[in-house]
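Residues 99 to 385, numbered by the working numbering, are exactly what the sequence shown covers, in order. Each residue gets a CB set at the ideal place from its N, CA and C atoms; glycine is no exception. Please read all numbers here as calculations on a predicted model, not as lab measurements. What follows is one structure encoded as structure tokens, with my remarks underneath.
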Amino acid sequence: HFVMNDIVFSETLHKGYGQLLSVDRLIYRQKTDHQDLIIFENQVFGRVLTLDGVVQTTEGDEYVYHEMMTHVPMMAHGAVRKVLIIGGGDGGMARECLRHESLLALTMVEIDQSVVDLCKTYLPAISDGAFDDPRLNLVIADGARFVAESDDKYDLIIVDSTDPIGPGEILFGRAFYRDCVSRLAAGGVIVTQNGVPFVQGDEVTLTYRRLGDEVNDMWFYVAPVPTYQGGHMAFGWGSDNPALRQQDAATIAARFSATGIACRYYTPEVHVAAFALPADILKLLAD
Ligand code: AG3
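The structure is reproduced here in structure tokens:
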């Protein structure tokens, strides 16, 4: 169990290893219908959102995660018009998607209305107006149920989940992956957050098998997110077309410059390099 007092937030997501953040100001704490939510201010990362004792996002480093989960698949695909986000209640993923003027419709399915409401109020910099964009259709519902029951198709599905403990667990299951893949339009892509392989290797191995059974091409790409401690975070990549993740930087750069978007982490070169996996992650796929 995590420790939270006036002085420190200590995350205990992992056994025997964890991160400590000073609580320079407690902004809000509430047990929502689904989770224990805390928002506090830290001198290094700015405002921090935690759910059930695990850091979800911070003003300081959220850009790495949100840029890499949106621009990599959008630029690799090249013609994304409709996106589905599962989770993402803080609005950071929606914000990055909506920066693409070519995006016509974004559906975001978040299970916890309180996360959306409290992040709008106490973490407005993360969504930065995304909730007011007319292209956004916010649905408060169980994401697994939504993909099982809807029959809309999407060019891109982004699974912006918590870790597979509590409400997020079902979002790492076979049935969920199968339903997501059946919601992909031809040429579509699904990306998932799969934790930090150095400490959460199982998440990579399980998703590789489970989502990999549903698509022709299953792979991962990586980026270091400081408050997801332990090294690279792994993002799952599923599509039916292996060529999508093997395009060169010049091709990606031509597309990216046409968007006019300026990023803080993402570049076309980083995009291409992110699919190069180190040997320890390759070993997880082989096991
Ligand atoms: N999705 C959170 C990923 C949490 C990963 N935690 C970890 N493995 N350290 C976050 C929501 C941001 N939109």
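Rounded straight-line distance, which links the Cα of residue j to that of residue i
i, j, result
"residue 195", "residue 155", "17 Å"
"residue 142", "residue 249", "44 Å"
"residue 170", "residue 157", "21 Å"
"residue 271", "residue 311", "12 Å"
"residue 309", "residue 172", "20 Å"
"residue 371", "residue 364", "11 Å"
"residue 122", "residue 103", "11 Å"
"residue 42", "residue 161", "Since the first and last residues shown for the chain are 99 and 385, residue 42 lies out of range."
"residue 336", "residue 342", "10 Å"
"residue 175", "residue 262", "28 Å"
"residue 254", "residue 231", "19 Å"
"residue 198", "residue 276", "28 Å"
"residue 120", "residue 349", "43 Å"
Identified DSSP bridge partners for residue i
i, result
"residue 145", "139"
"residue 134", "129"
"residue 322", "330"
"residue 208", "238"
"residue 256", "183, 289"
"residue 316", "336"
"residue 101", "108"
Under the three-state DSSP convention, the category residue i falls into
i, result
"residue 288", "strand"
"residue 301", "helix"
"residue 263", "coil"
"residue 154", "strand"
"residue 330", "strand"
"residue 116", "coil"
"residue 124", "strand"
"residue 214", "helix"
"residue 177", "coil"
"residue 270", "helix"
"residue 108", "strand"
"residue 182", "strand"
"residue 374", "coil"
"residue 200", "coil"
"residue 282", "strand"
"residue 162", "helix"
Ligand 1 heavy atom lying under 7 Å from the CB of residue i
i, result
"residue 190", "yes"
"residue 154", "yes"
"residue 215", "no"
"residue 234", "no"
"residue 260", "yes"
"residue 163", "yes"
"residue 141", "no"
"residue 74", "Since the first and last residues shown for the chain are 99 and 385, residue 74 lies out of range."
"residue 221", "no"
"residue 111", "yes"
"residue 115", "no"
"residue 294", "yes"
"residue 126", "no"
Beta carbon proximity, residue i to chain D, threshold 8 Å
i, result
"residue 356", "Going by chain labels, chain D is absent from the structure shown, which holds only one protein chain."
Indicate whether the contact test is met: 3 or more Cβ pairs, each with one atom in the stretch 126–135 and one in the stretch 311–319, closer than 8 Å. no
Report yes or no: do three or more beta-carbon pairs, one from the stretch 202–210 and one from the stretch 160–171, lie closer than 8 Å? no
Report yes or no: do three or more beta-carbon pairs, one from the stretch 205–217 and one from the stretch 277–294, lie closer than 8 Å? no
Taking 8 Å as the threshold, find out whether the stretch 239–255 comes into contact with the stretch 217–228 through three or more Cβ pairs. no
Give a yes or no on contact between the stretch 104–121 and the stretch 170–189, applying the rule of three or more CB pairs nearer than 8 Å. no
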